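Below you'll find the structure, written out as structure tokens, and then a few comments.
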Amino acid sequence: MHVSSKTSFRRVIVVLSSAVLVTGGILLLKVLLKSEKIRTIKFQLQRGKSSLLLLVRSLFRAVVVFVSKIFMNKQKSKALEEELLIKNTEDVVNTLGNMKGALMKLGQLASFIDDGLPDNMRETLKQLQNQAPPMSYELVEGVFIEQFGKTPNEVFKKFDKVPIAAASIGQVHRAVTFDNHEVAVKVQYPNIAKTIEADLANIDLTTMLAPLLWKGLDLKSLVDELKVRLLEEVDYANEAKNQQMFCEFFYKHPFINIPKVYFEYSTSNILVSEYIKGSTFDDLVNWSHREKNMAAETIYRFSFRSIYRLKAFNGDPHPGNYLFHGNGKVTFLDFGLVKLFNDNDLKLLTDIWRYALYEHDVQKLREAVEDAGFLMKNAPVSTDELLDFIDVFVALVSKNEDLEVTRQYASEIARRVLFGRATHKEVVKYANIPSAYAILQRINLGLIAILGSLNATCNWRSISEEMWPEVDGAPKTELGRLEHDWWNSHKQ
Ligand SMILES: Nc1ncnc2c1ncn2[C@@H]1O[C@H](COP(=O)(O)OP(=O)(O)O)[C@@H](O)[C@H]1O
Ligand SMILES: [Mg+2]
Numbered sequence: 331m332h333v334s335s336k337t338s339f340r341r342v343i344v345v346l347s348s349a350v351l352v353t354g355g356i357l358l359l360k361v362l363l364k365s366e367k368i369r370t371i372k373f374q375l376q377r378g379k380s381s382l383l384l385l386v387r388s389l390f391r392a393v394v395v396f397v398s399k400i401f402m403n404k405q406k407s408k409a410l411e412e413e414l415l416i417k418n419t420e421d422v423v424n425t426l427g428n429m430k431g432a433l434m435k436l437g438q439l440a441s442f443i444d445d446g447l448p449d450n451m452r453e454t455l456k457q458l459q460n461q462a463p464p465m466s467y468e469l470v471e472g473v474f475i476e477q478f479g480k481t482p483n484e485v486f487k488k489f490d491k492v493p494i495a496a497a498s499i500g501q502v503h504r505a506v507t508f509d510n511h512e513v514a515v516k517v518q519y520p521n522i523a524k525t526i527e528a529d530l531a532n533i534d535l536t537t538m539l540a541p542l543l544w545k546g547l548d549l550k551s552l553v554d555e556l557k558v559r560l561l562e563e564v565d566y567a568n569e570a571k572n573q574q575m576f577c578e579f580f581y582k583h584p585f586i587n588i589p590k591v592y593f594e595y596s597t598s599n600i601l602v603s604e605y606i607k608g609s610t611f612d613d614l615v616n617w618s619h620r621e622k623n624m625a626a627e628t629i630y631r632f633s634f635r636s637i638y639r640l641k642a643f644n645g646d647p648h649p650g651n652y653l654f655h656g657n658g659k660v661t662f663l664d665f666g667l668v669k670l671f672n673d674n675d676l677k678l679l680t681d682i683w684r685y686a687l688y689e690h691d692v693q694k695l696r697e698a699v700e701d702a703g704f705l706m707k708n709a710p711v712s713t714d715e716l717l718d719f720i721d722v723f724v725a726l727v728s729k730n731e732d733l734e735v736t737r738q739y740a741s742e743i744a745r746r747v748l749f750g751r752a753t754h755k756e757v758v759k760y761a762n763i764p765s766a767y768a769i770l771q772r773i774n775l776g777l778i779a780i781l782g783s784l785n786a787t788c789n790w791r792s793i794s795e796e797m798w799p800e801v802d803g804a805p806k807t808e809l810g811r812l813e814h815d816w817w818n819s820h821k822q
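Count along the sequence shown starting at 1, add 330, and that's the number in our numbering.
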């Protein structure tokens, strides 16, 4: 391809700036690694040098696109993006593999431990999340031909070639069906499912995570559980089934909306659902305090209503997975990571609440924590030490009063889960996260962070009491009253 010297010069500037950004990121990482608390990770990172190099390469590529937007005019920036477009299957595998997933996770992690990260690093990570290279239309067409033997324009009355959003392992296009329904079409990168499956089979997460997490963790079963859920996440047919289950459960809900799935157009790598127009999380952040509170209350209600009544948890509370419509009305997207519970899993959880919050029986609380598998039986840990460790997890619902969830509180919880070893060395020698509750940790590493970034202030205890089946509390808020009426007509 012919490149003018002016463009080359601009390109050099972009590449140099990108290098500076990436190097800056790495230097920051080094500074972080020197910190006493996480020195142990260093060794593991050195061992994973080759995967780190791959990650840096992906970071570099994404940063090139990001920086190009700052230094180039729109047209040039578009041309560069065009060049970085993923054009063929080999490209997908070479550029992405599981690295895009790793990038996304890195970006997401940054929001959980927000307070602990330098501003510029957090911002860079946030940008990286949004700047994944899109696939060319030809590639999208290839996926359709493989699945339906037809092009998108034959399957739909109208299909927008330019994607409306990036998905973690694909992208989303807008289309109109022949019977005039507007739909969102999520198309997976070709062969990405196979690549991730292979990556997951080879990656030694247990060794990578071991020095970080609680010493008592049964890491093998935890990692096995994560792998099973991640494999489900790459299967859009499974996601379609999950989405439909939530859609039916929340049918006619006054403020919780789930887009309907169009099964006739959906396959294992194409997911078609009702197109919903709404405001994004970034928009919501600038809305009034009242709006933010109501949206947060809805997100909270959605999570716990589905855990305790549908016995299912959508394990991906991520800002990109909501659309906001005002007055607390929220559309929930993305049902790739769903964990189903049985009655016993839930009873063990509600027992903990009962002894901690209602019966105030410390001994029984300890037994309940042990029965659920969070603490080894007969662990040489005093009950006071245990209470001190779990205090942060019950703080949200311990008092029947309004409480503001701050970013700081969210970070504190995330740190207790991820780095509990630094603050509660003795307890975490015997503490475990049973695999059944692994995905539920996304409450501590996701949902709370979302509430924190909205500075949401609600009486979380009284809302939870409406959700806990054993309490079945009366509604105390505007949204609670609306939901109460829905629930009464819904459960018959
Ligand atoms: N039904 C829909 N209506 C409107 N936008 C949608 C719809 N489904 C997905 N999107 C857009 O596509 C993005 C990615 O979709 P999502 O299902 O979250 O993918 P992933 O599972 O990869 O995270 C969403 O953040 C949203 O912007
Ligand atoms: Mg998503």
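Ideal Cβ placement from N, Cα and C applies to all residues, glycine included.
Note that the coordinates shown come from a computational prediction; the quantities given were computed from them, not determined experimentally.
Between which two residues does the beta strand (DSSP E) harbouring residue i extend?
i	result
His503	Gly500 to Val506
Tyr652	Tyr652 to Phe654
Leaving out five residues before and five after residue i in sequence, what residues of the same chain have Cβ atoms less than 7 Å from its Cβ?
i	result
Lys550	Thr536
Leu812	Pro584 and Phe585
Tyr760	Gly546, Leu705, Met706, Ala709 and Val711
Gly608	Leu653, Phe654, His655 and Thr661
Glu742	Val722
Lys582	Trp816
Lys803	One detail in the question is off: residue 803 reads as Gly in this sequence, not Lys. Closer than 7 Å at Cβ, skipping near neighbours: Ser792, Glu795 and Glu796.
Glu569	Leu601, Phe665 and Gly666
Tyr467	Lys491
Suppose the cutoff is 8 Å on Cβ atoms and the five residues either side in sequence are ignored; what does the same chain contact list for residue i look like?
i	result
Asn600	The sequence shown places Ile at residue 600, not Asn. Here the set comprises Val473, Phe474, Gln477, Val515, Lys516, Val517, Gln518 and Tyr566.
Gly500	Met465, Lys516, Val517, Gln518, Tyr519, Ile522 and Asn599
Leu346	Note on Leu346: pLDDT 39, under 50, position unreliable in the model; no value is reported.
Asp554	Ser765
Asn657	Phe585, Glu621 and Met624
Name the DSSP bridge partner or partners of residue i?
i	result
Thr661	Asn587 and Leu653
Ser603	Ala514 and Val591
Val668	Asn644
Ala497	Gly500
Glu734	Thr787
Met706	Met706 pairs with nothing; no bridge assigned.
Ser609	Phe654
Lys488	Val506
Ala761	Leu705
What do you get for residue i, buried or exposed, if any count of 16 or more other CB atoms within 10 angstroms of its CB means buried?
i	result
Ala528	exposed
Ser792	buried
Phe508	exposed
Lys367	Any reading at Lys367 must be qualified, since the residue scores a pLDDT of 34, below 50, and its modelled position is unreliable; the value itself is stated next. That one is exposed.
Gly750	buried
Lys364	Note on Lys364: pLDDT 39, under 50, position unreliable in the model; no value is reported.
Lys885	Outside the displayed range of the chain (331 to 822) lies residue 885, so it cannot be described from this structure.
Gly782	buried
Ala828	The question about residue 828 has no answer, for the chain in this structure spans 331 to 822.
Glu715	exposed
Arg635	buried
Leu670	exposed
Ser819	exposed
Glu757	Here the sequence assigns Val to residue 757, which means Glu is not the residue at that position. Per the 10 Å Cβ criterion, buried.
Tyr688	exposed
Glu484	exposed
Glu563	buried
Pro799	exposed
Asn730	exposed
Just confirm the distance between the C-beta atoms of residue i and residue j, as a whole number of angstroms; I'd bet it's less than 8 Å.
i	j	result
Phe665	Asn572	4 Å
Glu734	Asn789	Glu734 to Asn789, Cβ: 11 Å. No contact.
Gly780	Ile629	The sequence shown places Ile at residue 780, not Gly. Confirmed, about 6 Å.
Provide the residue span of the alpha helix (DSSP H) that contains residue i, from first to last.
i	result
Ile834	A question about residue 834 goes unanswered here, because the residues of the chain that appear run from 331 up to 822.
Phe634	His619 to Arg635
Thr713	Thr713 to Ser728
Asn616	Premise fails: Asn616 is in no alpha helix (DSSP H) and is neither H nor E.
Val473	Tyr467 to Phe478
Lys571	Tyr566 to Phe579
Leu560	Leu549 to Glu563
Ser819	Glu808 to His820
Asp675	Asp673 to Trp683
Going along the chain, which residues of its own chain have a beta-carbon closer than 6 Å to the beta-carbon of residue i, five neighbours each way excluded?
i	result
Val668	Asn572, Ala642 and Asn644
Pro482	Phe474 and Phe489
Arg746	Val722
Lys487	Val506 and Phe508
Ile606	Pro589, Leu653 and Thr661
Ala702	Leu678
Asn774	Ile743 and Val747
Val724	Ala686
Shorter than 8 Å from the beta carbon of residue i to some beta carbon of chain B?
i	result
Asp718	Among the protein chains of the structure shown there is no chain B, as only one such chain exists.
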